[in-house]
Structures are given as C-alpha cells and as structure tokens.
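See below for the structure under consideration.
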Amino acid sequence: MTSTESPSPVTELALFHLKSSTDRATIRRELSSVAKAQASYSKYPTYLFTQIENPSYIYLLGGWRSVSAHMDDWIPSSTNQSLLASLKEKLDLVYMVHIGIDPAELGMLRLPAGRSGEVPIVDAPVIAIGRYFLKTGQKDAFLNKFEETKRHLQVYIAPRGLKGGVRVEPKDKTDDGEEKEEFVLFSGWAEVQDHFRFAECDGFEEFSQIKEILEGVEIQHVAIWED
C-alpha cells in the first residue's frame with residue numbers, strides 16, 4: 001500500500017471447530033465475550049453463527065477499518081490474547097479470511113441498502129456462505145461472469161440480499177508460492193431448502209456458468225448461534 005492510498009474496510013470471516021469434549025453452553029459464553037470485546041475495539045458488530053450442516057462448526061463474522069487494524073493491532077493485543085488463551089483447548093481455528101466487502105453492505109451498521117426494501121443479509125434466518133476458489137489468472141473473468149449472471153440469484157432471493165467480494169491479505173498460496181484467488185459470497189435465505197430449490201429455477205443454468213472458471217467451491221449454511 002502506498003502512502004497515497006487509504007485503508008479500506010474489510011469483512012472478517014473466521015471458522016472454528018469445537019472439540020468433542022467442549023461444552024457448547026460454556027464455549028458460547030466465552031466466544032460471546034470475545035465477540036463483544038472485538039466489537040468494542042473494531043466499532044463494528046461481531047456475530048456468531050452456527051453451521052446448519054454440522055453445528056460443531058462456529059463462524060465469527062465481523063468488520064475492520066483495515067486488515068492492519070485486525071492483524072497488527074487487535075490480534076497481538078493483550079486483551080485479545082487473554083480472551084483466546086482459555087479457548088485453545090476447546091476449539092480449533094479452521095480458517096480466518098478477510099474479504100473486500102465493506103461490512104455496512106452486509107447490514108452490520110444498519111445503513112440503507114442499495115435497493116429499497118432489501119433485508120440486510122445479517123438479518124436473514126439462514127445465510128449461505130460460498131467460498132469460490134478461482135483458477136489461476138481467472139479473477140477478472142470470474143468477476144465479469146458473476147456480474148453478468150448474479151441477477152438470477154438476486155431476483156430469486158429478494159427481498160433478501162447477496163454480497164460478494166474477493167479475499168484480501170493474507171491469502172493462501174500454491175506450492176510454488178503463487179497467491180490463490182478466492183471469492184466469498186454471502187446470500188440470505190428463509191431456509192436451506194430454498195437454496196436447493198434455486199438449482200431448479202430457469203436462471204440457475206446461466207448462473208452456474210461461473211463453475212467453468214473455478215477450481216472448486218465450498219458452500220455452507222449458517223444461522224445465528226442461539227443455543
């Protein structure tokens with residue numbers, strides 16, 4: 001980043017796996033304390049979701065004014081390290097990614113959405129989280145194809161919304177040291193079965209053309225963690 005560039009807000013998505021011996025009520029209280037402290041520090045709401053397919057997976061969704069504010073300021077801070085110390089024996093970090101999405105666009109800050117009447121993604125009963133792993137050198141091709149075809153998904157899930165963005169630093173790398181490109185898509189649904197039924201609608205065939213530019217895709221569904 002040059003001195004003339006301003007840091008951009010990013011969305012943080014972290015996935016944890018609860019160990020088999022972990023008491024869910026206890027870990028929820030402790031993770032809630034982490035989320036509350038992070039929200040106080042970052043000035044963005046921080047959410048905890050449980051994966052519907054496998055509730056032993058827990059997601060943390062938050063926002064930062066920049067990647068540096070998270071990686072260089074918050075993570076090494078004594079407050080964060082103290083909060084995480086008691087969790088190390090109870091859960092594993094599966095991944096943590098930063099996405100080039102302004103958290104306000106997911107509804108975190110309760111700002112007006114781009115389209116009138118749209119339900120904020122974070123308020124949806126079910127959120128689909130899609131990680132799209134792009135073929136080397138195909139980021140622009142993927143983004144163009146997604147922009148061309150996303151209207152089918154937008155129309156199907158309205159008034160709930162969708163928002164996607166490219167993963168930013170730090171990124172995974174190939175064995176040759178080349179950065180892998182990834183696109184993360186959030187979309188709101190009434191229930192999981194609604195997402196499956198999208199595959200049966202007329203526009204799905206065109207939307208699914210994005211698969212031609214992918215190395216792979218991972219889609220899971222989450223709901224706010226309430227138990």
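Numbering follows full-length UniProt numbering, in which position 187 of the sequence shown is assigned residue number 187; successive positions increment by one, without gaps.
Beta carbons: idealized from backbone N, C-alpha and C, even for Gly.
Predicted model only: the values in this text are computed from it and were never measured.
Supposed contact pair Ile-99 and Val-10 - C-beta distance, whole angstroms, cut 8 Å: Between Val-10 and Ile-99 a beta carbon distance of about 6 Å is seen, short of the 8 Å cut, so the two are scored as contacting.
With H, G and I counted as helix, E and B as strand and the rest as coil, what does DSSP make of Tyr-41? Looking at Tyr-41 - three-state DSSP - the assignment turns out to be helix.
From Glu-182, Asp-123, Arg-151, Glu-181, pick the residue whose C-alpha is nearest to that of Ala-104; which is it? Among Glu-182, Asp-123, Arg-151, Glu-181, the Cα nearest to that of Ala-104 is on Asp-123.
Across the region 17 to 24 and the region 69 to 78, are there enough close Cβ pairs to call them in contact, namely three or more that are closer than 8 Å? Touching, no.
Nearest-angstrom Cα separation, counted from Tyr-47 out to Phe-186: Near 14 Å, if we compare the C-alpha coordinates of Tyr-47 and Phe-186.
Relative to the C-alpha of Phe-133, which candidate in Lys-171, Asn-54, Ile-27, Gln-38 has its C-alpha closest? Of the listed residues, the one whose Cα sits closest to Phe-133 is Lys-171.
According to the Cβ coordinates, are Gly-164 and Phe-183 closer than 8 Å? Yes, they are a contact pair.
Less than 8 Å between the CB atoms is what I'm expecting for Lys-139 and Val-97, so what's the real figure, rounded? About 15 Å separates the beta carbons of Lys-139 and Val-97, which is beyond the 8 Å limit, so they are not a contact pair.
Answer yes or no: do Arg-28 and Trp-225 have a C-beta to C-beta separation smaller than 8 Å? Closer than 8 Å, so yes.
Report, in whole angstroms, the separation of the C-beta atoms of Ile-127 and Phe-198, which I expect to be a contact under 8 Å. Contact between Ile-127 and Phe-198 does not hold, since their C-beta atoms are separated by about 14 Å, which reaches or exceeds 8 Å.
How is the beta strand (DSSP E) around Ile-210 delimited, first residue to last? Note, Ile-210: premise wrong, no beta strand (DSSP E); not H, not E.
Can at least three beta-carbon pairs, one atom from the region 151 to 160 and one from the region 200 to 219, be found at a separation below 8 Å? The region 151 to 160 makes contact with the region 200 to 219; the number of CB pairs closer than 8 Å reaches 3 or more.
By how many angstroms is the C-alpha of Val-222 removed from the C-alpha of Asn-54? Approximately 9 Å between the Cα atoms of the pair.
Please identify the residue among Phe-146, Ala-25, Ile-121, Thr-79 whose C-alpha is closest to the C-alpha of Ser-40. A check of alpha carbon separations from Ser-40 across Phe-146, Ala-25, Ile-121, Thr-79 identifies Thr-79 as the nearest.
Taking 8 Å as the cut-off, decide whether the C-beta atoms of Gly-161 and Glu-206 are in contact. No. Outside cutoff.
According to DSSP, what are the bridge partners of Gln-154? According to DSSP, Gln-154 shares a beta bridge with no other residue.
Applying the criterion that 16 or more other CB atoms from any shown protein chain within 10 Å of the CB defines a buried residue, is Phe-196 buried or exposed? So Phe-196 counts as exposed.
When DSSP labels each residue in this structure, what does Gln-193 get in the three-state scheme? Residue state for Gln-193 is assigned as helix, using DSSP reduced to three classes.
For Leu-61, does the count of other Cβ atoms within 10 angstroms reach 16, so buried, or fall short, so exposed? If you draw a 10 Å sphere on the C-beta of Leu-61, you find 16 or more other C-beta atoms in it, and that means buried.
Tell me which residues share the same chain as Phe-142 and place their Cβ nearer than 6 Å to its Cβ, disregarding the 5 neighbours each side in the sequence. In its chain, beyond the 5 residues on either side, Leu-134, Ile-213 have a beta carbon closer than 6 Å to the beta carbon of Phe-142.
DSSP three-state call for Ile-27: helix, strand or coil? Shown here, Ile-27 sits in a helix according to DSSP, grouped into three states.
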